[in-house]
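All letters in the sequence shown, in the order written, are residues 1 to 458 by my numbering. Each residue gets a CB set at the ideal place from its N, CA and C atoms; glycine is no exception. Quick caveat: nothing in here was measured; it's all calculated off a predicted structure. Following: one structure in structure tokens, then a few remarks.
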Amino acid sequence: MGEIAGVILAAGLGKRMRSKYPKVLHPVGGKPMLQHVLEAAEKAGVNDILVVLGHGRDMVLDEFEDISYVVQEQQLGTGHALYQCRDALKPSVEHVLVLCGDAPLIKPETLKKLIDYHVENKSYATVLTAEIPNPEGYGRIIRDDAGNVRGIVEHRDASPKELEIKEVNSGTYVFSRRELFEALEKIDTQNAQGEYYLTDVIGIFFDEGKKVSALMTEDPTEIMGINDRIQLAEADRIMRLRKNEELMLSGVTILDPETTKIDSGVVIAPDTVIYPFTIIEGNTEIGEDCRIGPFTTIVDCVVGRDTVIRNSVVLESRIGSHCKVGPFAHIRPETVLKDYVKVGDFVEIKKSKIGEGSKVPHLSYVGDAEIEENVNIGAGTITCNYDGERKWKTFIDEGAFIGSNTSLVAPVKIGKRAFVAAGSTITRDVPKEALAIAREKQKNIEGWVRKKKKKDDD
Ligand code: UD1
Ligand code: CA
């Protein structure tokens with residue numbers, strides 16, 4: 001097989017998105033649409049890829065710094081877009097795989113099949129098609145009596161009879177390079193949209209007796225093109241269910257796939273259970289036997305094994321094994337929980353390290369702190385890490401006991417196995433194994449209530 005290059009058409013404005021961002025940057029399954037298309041082509045073995053950019057190209061290039069691209073200054077149609085690649089493709093390229101930047105559900109296996117089919121059949125063009133119940137908006141595949149593909153008619157140009165055709169153009173094709181560019185010189189704008197339609201190449205080839213093939217997908221959802229936000233939500237749902245199915249088949253229990261959103265880059269080990277309404281995003285990795293959710297958001301985290309995270313938000317942090325987090329905990333970026341840590345209800349942890357076996361069970365704020373092993377942080381303890389100008393650190397050595405409702409005014413150090421009495425405001429370091437009490441001494445006034453009542457009655 002001769003050399004193959006990929007072209008992704010991504011210059012369109014995407015008017016129907018009603019967005020200030022170019023369509024291909026809108027995320028599906030947590031990644032921009034364009035990235036899915038690029039990855040699908042690469043996984044199919046096509047590494048030499050050109051992207052046709054136009055609308056919002058600076059924004060696209062900000063996110064995709066390494067792509068090779070050509071610019072289509074004016075969006076005159078898909079045929080015109082592809083034509084812009086004429087001189088940018090390497091001379092050695094013989095076949096061109098064409099993809100739409102707005103069709104992110106395409107699978108690498110399908111692209112591989114399409115390429116093989118094209119080469120085996122020695123076709124000049126091979127179009128990927130699908131049969132869908134509602135073909136509204138898609139180009140229809142027109143076949144002759146013998147079943148050969150004769151052309152593609154756009155929805156807006158189709159006759160009532162053609163509109164009944166359920167086999168549609170995916171917008172994904174393989175072409176023979178030389179003949180493709182020859183044909184692109186022949187297309188015109190005599191159609192309902194006044195655009196240069198790439199789809200006209202198929203009819204030109206047929207008329208010239210050049211072999212055209214079509215391959216139909218088994219899964220019609222993968223050709224879905226996204227033109228508005230309703231389709232965006234639908235594509236996101238399909239992507240989400242695909243990811244969930246992949247995880248379930250690999251041994252993860254997902255109790256309610258419909259309400260569970262897991263980004264495509266997330267890795268979860270077998271026998272972990274995901275409860276409903278859970279969102280796991282970015283580059284998160286979760287070990288085995290964990291229980292995550294319900295109502296939990298985890299972004300860019302590493303979680304060990306046998307850890308429970310309930311009703312919580314956990315961001316850019318490392319959570320050890322055998323930990324318990326939540327319900328209602330907020331773990332903010334750059335936090336490290338070692339193994340066997342408990343972070344309980346209404347606790348916020350920020351940029352802190354919590355050592356093995358330590359507990360922060362209730363109503364606390366721990367920020368910029370380093371807590372060693374087996375420390376107990378009493379309910380309502382606050383690290384006062386901010387003096388209005390800068391942040392300061394709190395250090396708590398192993399085995400220390402911090403009584404409830406303590407304020408630790410940073411910078412401050414609590415020594416090994418030291419004991420801080422409840423209700424203290426600690427402003428000075430506490431030595432190892434010392435007791436620190438920093439609160440007003442209690443005074444009881446006998447009979448005060450009776451005396452007050454008498455006074456009031458007089
Ligand atoms: C196109 C096909 C249609 C097919 C459908 C599949 C044509 C004429 N029609 O229609 O048969 O069923 O895709 O989704 O090709 N683009 C450019 N420059 C342009 C115009 C478009 O780069 O001047 C890009 C768009 O950014 C988009 C892709 O080409 O990524 C498809 O364009 P779009 O306008 O969405 O075409 P459809 O009307 O969906
Ligand atoms: Ca489209």
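Any idea which residues DSSP pairs residue i with across the strands?
| i | result |
| --- | --- |
| H362 | D345 |
| T126 | V174 and S213 |
| V430 | I414 |
| S407 | I382 and T425 |
| A436 | V420 |
| G367 | K350 |
| T259 | DSSP lists no partner for T259. |
| K391 | Y386 |
| N376 | K359 and F401 |
| E527 | Here the chain comprises residues numbered 1 to 458, so residue 527 is not present and cannot be evaluated. |
| V267 | E285 |
| V449 | Its beta-bridge partners do not exist; DSSP assigns none. |
| V7 | L50 and V98 |
For residue i, tell me which candidate among the options has the shortest Cα-Cα distance.
| i | options | result |
| --- | --- | --- |
| P294 | I319, F205 and F328 | F328 |
| A44 | E94, E109, M59 and V24 | E109 |
| Y339 | F206, A183, V303 and K351 | Before going on, a small fix: residue 339 reads as Asp here, not Tyr. Nearest option by C-alpha distance: V303. |
| G14 | V149, I292 and Q231 | Q231 |
| G225 | A81, A125, T172 and D256 | T172 |
| E63 | K31, R242 and K353 | K31 |
| Y124 | E65, F175, L114 and P104 | F175 |
| P135 | K324, V420 and P220 | P220 |
| D87 | E356, V7 and G447 | V7 |
| H26 | G2, D228 and W448 | D228 |
| N376 | C85, H362 and P160 | H362 |
| G282 | D289, L61 and V267 | V267 |
| E195 | L76, L184 and K211 | L76 |
| G201 | Y275, D300, I187 and K432 | Sequence check: residue 201 is Val here, not Gly. Closest by alpha carbon: I187. |
| P22 | G29, R240 and G54 | G54 |
| C301 | A369, I292, S317 and C290 | S317 |
| D263 | G287, I238 and L249 | I238 |
| T406 | D397, E398 and F419 | F419 |
| A379 | A41, R177 and F401 | F401 |
| A146 | C85, D387, S213 and Y275 | S213 |
| E288 | V252, R57 and T296 | V252 |
| E285 | G357, V314 and K391 | V314 |
| L111 | E218, A183, G203 and T260 | E218 |
| K324 | R332, L337 and P333 | L337 |
| S133 | T383, L435, E164 and A183 | Note that residue 133 corresponds to Pro in the displayed sequence, not to Ser. Comparing Cα positions, the closest option is E164. |
| R177 | D429, T126 and R390 | T126 |
| V52 | H36, V46, V24 and E42 | V24 |
| V341 | E373, E433 and Y365 | E373 |
| I319 | R310, T335 and H330 | T335 |
| G344 | K243, K161 and I331 | I331 |
| K432 | I349, T272, D397 and A438 | D397 |
| G137 | Y117, E162, N121 and K113 | E162 |
| M216 | T259, I115, S68 and V28 | I115 |
| G101 | V93, H118, V28 and K261 | V28 |
| I274 | R291, P104, T259 and T383 | R291 |
| Y352 | K393, G326 and S321 | The amino acid at residue 352 is misidentified as Tyr; the sequence shows Ser. Ranking K393, G326 and S321 by Cα distance to S352 puts K393 first. |
Item to check | Given 8 Å, three or more beta-carbon pairs between the stretch 166-177 and the stretch 133-144 | outcome: yes
Checklist entry - Which parts of the stretch 269-345 are runs of the beta strand (DSSP E), unbroken and 3 residues or longer, counting only runs that do not cross its ends? => result 278-281, 296-299, 313-315, 329-331 and 342-345
Item to check | Those runs of the beta strand (DSSP E) which lie wholly inside the stretch 185-241 and span at least 3 residues | outcome: The stretch 185-241 contains these whole beta strand (DSSP E) runs: 212-216.
Next on the checklist: Which complete beta strand (DSSP E) runs does the stretch 63-102 hold, if anything under 3 residues is left out?
Outcome noted: 68-71 and 93-100
Next on the checklist: Just to confirm the assignment: which complete beta strand (DSSP E) runs, minimum length 3, are found wholly within the stretch 26-67?
Outcome noted: List check, beta strand (DSSP E) in window: 49-53.
Checklist entry - At what residue ranges does the stretch 103-161 contain a whole run of the alpha helix (DSSP H), taking only runs of 4 or more? => result 108-120
Checklist entry - Looking at C-beta atoms only, is the number of pairs between the stretch 145-152 and the stretch 64-82 that lie closer than 8 Å three or more? => result no
Next on the checklist: Using a Cβ distance threshold of 8 Å, determine whether the stretch 446-457 contacts the stretch 418-426, with at least three qualifying pairs required.
Outcome noted: no
Checklist entry - How about the stretch 33-40 and the stretch 87-96: do they share at least three Cβ pairs that are nearer than 8 Å? => result no
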